[in-house]
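Chemist: Have a look at this one before I ask anything.
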Amino acid sequence: MLEIPFLNRFLASTYSRRLDDFVDRLHFEFTVWVLVLFSMFVGGKQHFGEPIQCMVPAHMSQSSWISYAQYYCFITNTYRLTYKQTVPDANVRSVLRNADGVNLNYYQWVPYFLVFQAFCFFLPNWLWRLLQSYGFPFFSRVLVLDMHTIVDEAVAIRNEIKMEKREERMTKLVDYISSSLCFSSGFSDKSLFNTSSHCSGYLLIVYVMSKLLTIANDFSQLYLIAYFLGINEVTWALHVSF
């Protein structure tokens with residue numbers, strides 16, 4: 005089977021792993037895929053189909069004129085009317101276009117906004133994996149633990165039936181962790197940092213930081229959507245829900 009390395013690595017990065025819980029996967033996997041699919045659907049219709057359908061006068065019988073009118077409506081800002089209102093004349097339309105809270109100037113950017121939202125939901129978990137795997141530049145020689153291997157091996161040891169085999173694998177796992185923490189002993193001797201304590205402290209800081217970024221992203225999405233849609237209140241989600 006023909007494989008695309010970059011695409012395979014990207015898809016593998018979204019798969020569920022033992023370092024992620026259900027809430028993490030809900031953010032960086034399920035929500036991201038939903039946003040990407042909707043952006044592809046809206047963007048495909050916008051760029052390869054008919055992005056907008058307009059009611060045109062009867063004298064615009066030729067398809068070229070109808071196409072021109074629809075594309076003109078698409079690239080210019082429009083304004084909202086309720087179903088009980090009639091289409092006003094030119095003078096009233098100019099007033100409506102300049103009125104606050106009436107113009108609709110966001111729908112052209114919906115697919116790009118959805119992609120940006122998907123990136124925001126994917127970013128916290130991506131940073132967590134990047135920093136816990138490769139380390140921050142200041143701690144690059146301190147953090148050498150493969151957390152995925154440790155967690156997977158710990159789960160396998162828990163499921164091991166034979167006690168001798170379990171003790172043997174446990175000893176190997178402890179030796180691996182110990183050797184990894186002592187890998188930078190020369191570096192720690194020349195600095196004020198202790199390798200083991202700062203390695204564990206670094207992992208804790210990175211993990212908490214990723215959780216805080218996830219929470220900050222959830223609240224910032226309310227502000228971003230309100231600003232994007234031109235809504236003046238951040239509590240718009242409560243009105244939609246109830």
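Taking our numbering, the leading residue of the sequence shown gets 5, the next gets one more, and so forth. C-beta: ideal position from N, C-alpha, C; glycine also. Please read all numbers here as calculations on a predicted model, not as lab measurements.
Report back the beta-carbon spacing between R170 and E157 to the nearest angstrom; my notes put them in contact at under 8 Å.
Modeler: With a Cβ gap of about 11 Å, R170 and E157 do not count as contacting.
Chemist: Look at the alpha carbon of V114 and the alpha carbon of V210, and state the distance between them as a whole number of angstroms.
Modeler: Straight-line Cα distance between these residues: approximately 33 Å.
Chemist: Cβ of Q112 within 7 Å of any heavy atom in the ligand NAP?
Modeler: By its list of ligands, the structure shown contains no ligand whatsoever, and the ligand NAP lies outside what it can speak to.
Chemist: Quick check: the region 118 to 134 against the region 27 to 45, are there 3 or more CB pairs under 8 Å?
Modeler: Counting Cβ pairs under 8 Å, three or more are found: they touch.
Chemist: Do you know how far the Cα of Y111 is from the Cα of S67?
Modeler: S67 and Y111: Cα-Cα distance of roughly 24 Å.
Chemist: Which residue comes first and which comes last in the alpha helix (DSSP H) that contains M44?
Modeler: V36 to F52 is the span of the alpha helix (DSSP H), which, as asked, contains M44.
Chemist: Determine, using beta carbons only, whether I56 and M64 come nearer to each other than 8 Å.
Modeler: Not in contact: I56 and M64 (Cβ atoms no closer than 8 Å).
Chemist: Within its chain, find whatever has a CB closer than 6 Å to the CB of L39; leave out the 5 residues flanking it on each side and keep chain order.
Modeler: The answer, listed in chain order, is L118, Q121 and A122.
Chemist: Output the distance between the C-alpha atoms of Y206 and T218, rounded to the nearest integer angstrom.
Modeler: Their backbone Cα atoms lie some 18 Å apart in a straight line.
Chemist: Where V27 and F223 are concerned, what is the direct C-alpha to C-alpha distance, given to the nearest angstrom?
Modeler: Roughly 15 Å separates the two Cα atoms.
Chemist: Quick check on L23: does DSSP put it in helix, strand or coil?
Modeler: Correct three-state label for L23: coil.
Chemist: Let me check one thing: in DSSP terms, what residues is T82 bridge-paired to?
Modeler: In DSSP, T82 forms a bridge with L108.
Chemist: In three-state terms, what does DSSP make of V60?
Modeler: If DSSP states are grouped into helix, strand and coil, V60 belongs with coil.
Chemist: If you follow the alpha helix (DSSP H) that I161 is in, where does it begin and where does it stop?
Modeler: From DSSP, the alpha helix (DSSP H) with I161 extends over M151 to R162.
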